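J.: Going by our numbering, the sequence shown opens with residue 1, and the numbers climb by one from there. For each residue, glycine too, the CB sits at the ideal point set by N, CA and C. All figures in this text were calculated on a predicted structure; none of them were measured in a lab.
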Amino acid sequence: MILVYIVLATAIGGMASVLLAATLTLAVLGRVVRSLVSLSAGVLLGTSLLHALPEAFDSGAGAQPLFATLLGGLLFFWLLEKADLYRHMHHHEGDGHAHASHFDAAQAGRGGLAVLVGDGVHNFCDGVLIAAAFLADPALGVVTAFAVAAHEIPQEAGDYIVLLNAGFTRRRALAFNMLSGVAAVAGGIAGYFLVGPWQATLPYLLVVASSSFIYVAVADLLPQLQQRLSWRETAIQLGWLAGGLALVAGARALLHVH
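Below is the structure:
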């Protein structure tokens, strides 16, 4: 049953985010993505710091190796992003960041190939991490899958905009995004069969998942929120961020994650 849960969680999370991005107009995406970025930052930080890391340290594994894994994970995802294999495209023309004209087309690279490859690798990694979380604790797996879906929605929306500006039709952009989303299912299945027999590695994989979430939140999402805004706009940002933390805390209480 755990494998079924993993497949469902990775498939629903990946497909839902792609379909949501495709059904909204560019104008609506431009307004919604900004709020989703704040929400996603809260969900990712809450999941990593309130769920995954406590679960890893409660396992009895040594603190020093776990912290070393956290450090290595942060550096690993930083290097992946430098190689354009773990990219997050939440910026887009008209989003208030004063990008030059054709910014997204330039970001898309050769026909959007870098975006698609990076998204596929990213989704595969997410699938492996979701599998590890389910194997450690099904309730933790649900929370982790929710966190992945929360940050996939603004990522997929940003990728969708980039692909459209790179010359893709809506149908072609949707098809390629759906294809990259399948990588999450492949990662989940691979994680189930590769991680399952090695239970001792689960605490370290949970730390790797946490390093992924923390890196995305701190290196990508939170810097986008560092703008000179009015008090009202700042309050709205904080509200969405707090909402993400509240969702995670509520899920912890509801699912009795220990």
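1) Might you give, ordered along the chain, the residues of its own chain that have their beta carbon closer than 8 Å to the beta carbon of residue 185, omitting 5 neighbours on each side?
2) Using only the alpha-carbon positions, how far apart do residue 301 and residue 201 sit?
3) May I ask you to verify whether the stretch 41-58 touches the stretch 134-146, counting CB pairs closer than 8 Å and requiring at least 3?
4) Can you give me the Cβ contacts of residue 207 inside the same chain, cut-off strictly under 6 Å, excluding the 5 residues immediately before and after it?
5) To the nearest angstrom, how far is the alpha carbon of residue 164 from that of residue 175?
6) For residue 226, is the classification buried or exposed, using 16 other Cβ atoms within 10 angstroms of its Cβ as the cut-off for buried?
7) Taking the alpha helix (DSSP H) that residue 61 belongs to, which residues open and close that run?
8) From residue 180 to residue 221, what does the alpha carbon distance come to, in whole angstroms?
9) By how many angstroms is the C-alpha of residue 18 removed from the C-alpha of residue 204?
10) Using the three-state DSSP reduction, which class does residue 230 fall into: helix, strand or coil?
11) Taking the alpha helix (DSSP H) that residue 213 falls in, what are its first and last residues?
12) Taking only three categories from DSSP, how would you classify residue 198?
T.: Reading off the structure:
1) Along the sequence shown, read from residue 1 onward, the residue named residue 185 stands at position 185. So the list reads 7, 10, 11, 14 and 127, once near-sequence residues are dropped.
2) In the structure displayed, the chain extends from 1 to 258; residue 301 sits before or after that span and is not available.
3) Per the Cβ contact rule, the stretch 41-58 is in contact with the stretch 134-146 (3 or more Cβ pairs under 8 Å).
4) Walking along the sequence shown from the start, residue 207 turns up at place 207. For residue 207, where only same-chain residues beyond five positions count, the Cβ hits under 6 Å are 56, 66, 69 and 70.
5) Here residue 164 refers to the residue found at position 164 of the sequence shown. Here residue 175 refers to the residue found at position 175 of the sequence shown. Going from the Cα of residue 164 to the Cα of residue 175 covers about 12 Å.
6) As a position in the sequence shown, residue 226 is number 226, starting the count at 1. Counting every other CB atom within 10 Å of its CB across the protein chains shown gives residue 226 a total below 16, marking it as exposed.
7) Position 61 of the sequence shown, counted from the start, is the residue given in the question as residue 61. No alpha helix (DSSP H) contains residue 61, which DSSP labels as neither H nor E.
8) For the purposes of this step, residue 180 is taken as residue 180 along the sequence shown, with counting starting at 1. For the purposes of this step, residue 221 is taken as residue 221 along the sequence shown, with counting starting at 1. So the two alpha carbons sit approximately 21 Å from each other.
9) As a working note, residue 204 is residue 204 in the sequence shown. As a working note, residue 18 is residue 18 in the sequence shown. Those two C-alpha atoms are separated by around 30 Å.
10) To locate residue 230, count along the sequence shown from 1; it is residue 230. Per DSSP, reduced to three states, the secondary structure at residue 230 is coil, with no helix or strand assignment.
11) The residue labelled residue 213 in the question sits at position 213 within the sequence shown. Taken as a continuous stretch (DSSP letters only), the alpha helix (DSSP H) holding residue 213 covers 202-215.
12) For the purposes of this step, residue 198 is taken as the residue at position 198 of the sequence shown. In the structure shown, residue 198 sits in coil (DSSP, three-state: anything other than H, G, I, E or B).
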